[in-house]
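Take any residue in the sequence shown, note its place counting from 1, add 916, and you have its number in our numbering.
The structure under discussion appears below in the form of C-alpha cells.
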Amino acid sequence: MITPDLESGTKLWHLVKNQDQDQREGDRGSKMVSEIYLTRLLATKGTLQKFVDDLFETIFSTAHRGSVLPLAIKYMFDFLDEQADKHSITDQDNPHFVFDIHKSGITDACLSVVAQTFMDSCSTSEHKLGKDSPSNKLLYAKDIPNYKSWVERFYYDISRMPAISDQDMSAYLAEQSRLHLSQFNRMSALHHIYTYIAKYKDQILTALQKDDQSRRQRLASQLEQVMDTMGLAS
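Given below as C-alpha cells:
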C-alpha cells in the first residue's frame, strides 16, 4: 500500500487493497481475481499443451523421431536396479529434478507447474484432487493418466533393452567427451566435483574402504591425498 495522505485521508493501493477493508468486499475481490487468473491459466495451458506433450513424449520414449536413447540412460537405470537389489531397496520414490540454470521469477513459476506435472506422472500413488487443491495440480489433472501410461511404457521398454557393458559405456563417454571438448570448462567441473566430495568426504572414504576393488586400487588413500592437496591450495 502506498503511504496514505494524512491531510486528505485518501488511501491509494497498488494492485492489492489493504486488509482493513470490509471482509466481504475482500472475498468478492479475491474470487473475481481467482476467476480471471483461472481463465488465463486455462487459455495459456491450451496454447502450451502441444509443447508440454512433446516434452514428455521425448523424455518418456526410448526411441523418439529417429533419436535413439543414449547409452548412459540405460546404463544408469541398470546401475540403480543393481544397487536397489544389493541394498534390498524395494520402495518406489518419485524422481527428483534439478534445473541448474538461472531462471526469472515468471519462468521459474511456469517450470514449477511442468515439474509438478512431471512428478505426478511418475508417482505410483493416486492423487485425490478437490476444489481446494492447488491450481498447478488441477491444471493438468486430466492429462496425468495419459502421461502415466507413457512412464510405464518407458520403464518397460528400458527393462527389455540389452545391458550396456562397462567397455561400451567407457567408449561412449570418451566419444562424448571428444565431441563436446570445447563446450565445457574442465576446471569448473573439477571444482564442483571437489565441492561435492568435500561435503561427503567421510561417507565416500568409508565406502571406498569397504569395497574390495577400491581397496586394491588404493582409491581411499589417493582421494585423501587429493583432498589434502586441495586443502593446501585453498
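Glycine included, each C-beta is placed from N, C-alpha and C at the ideal position.
Let me make sure I understand the geometry here. Which of the options has the alpha-carbon closest to that of residue i?
i: D1082; options: H1003, F995, L958, A979; result: F995
i: Y1110; options: P1050, I989, Y1056, D1144; result: D1144
i: E1068; options: L1054, S1039, Y1056; result: S1039
i: L1124; options: A1114, S1137, K1115; result: S1137
i: Y1088; options: A988, H1003, T1033, L1097; result: A988
i: I1080; options: P986, L964, L971; result: P986
i: K1064; options: S1051, S1086, M1035; result: M1035
i: V984; options: F1070, T1122, M1103, L1135; result: F1070
i: V968; options: H1003, S1037, A1000; result: S1037
i: W1066; options: D970, D997, M992; result: D970
i: Y991; options: G962, M1085, I1060, L954; result: M1085
Span of the alpha helix (DSSP H) holding residue i?
i: L987; result: 987-1002
i: E1091; result: 1082-1095
i: N1052; result: 1051-1054
i: F1100; result: Neither: F1100 is in no alpha helix (DSSP H) and is coded neither H nor E.
i: E1068; result: 1060-1076
i: D1024; result: 1021-1038
i: Q1133; result: Where Q1133 is concerned, there is no enclosing alpha helix (DSSP H), given that its DSSP letter is neither H nor E.
i: I1005; result: Per DSSP, I1005 belongs to no alpha helix (DSSP H) and is neither H nor E.
i: K1126; result: 1117-1126
State the Cα-Cα distance for the pair residue i and residue j, rounded to the nearest angstrom.
i: V1030; j: E973; result: 13 Å
i: G1021; j: N1062; result: 29 Å
i: H1012; j: S1130; result: Residue confidence is low: H1012 scores 41 on pLDDT, short of 50, so the model does not pin down where it sits. Its coordinate-derived value is still stated next. Between H1012 and S1130, the C-alpha separation is close to 29 Å.
i: E1091; j: R956; result: 47 Å
i: I1074; j: S1093; result: 24 Å
i: G1046; j: F976; result: 28 Å
i: I952; j: L958; result: 10 Å
i: L1054; j: T978; result: 29 Å
i: Q1072; j: H1043; result: According to the sequence shown, residue 1072 is Tyr rather than Gln. Approximately 23 Å between the Cα atoms of the pair.
i: D1048; j: T1023; result: 25 Å
i: A1025; j: K1058; result: 20 Å
i: Q937; j: A1000; result: Bear in mind that a pLDDT of 49 at Q937, under 50, signals an unreliable position, so the number given afterwards is only what the model happens to contain. Those two C-alpha atoms are separated by around 58 Å.
i: P1078; j: E998; result: 15 Å
On the DSSP bridge assignment, give the partners of residue i in chain order.
i: V984; result: A979
Would the beta-carbon of residue i be found less than 8 Å away from any heavy atom of the ligand ZN?
i: S1020; result: No copy of the ligand ZN appears in this structure; indeed no ligand is present at all.
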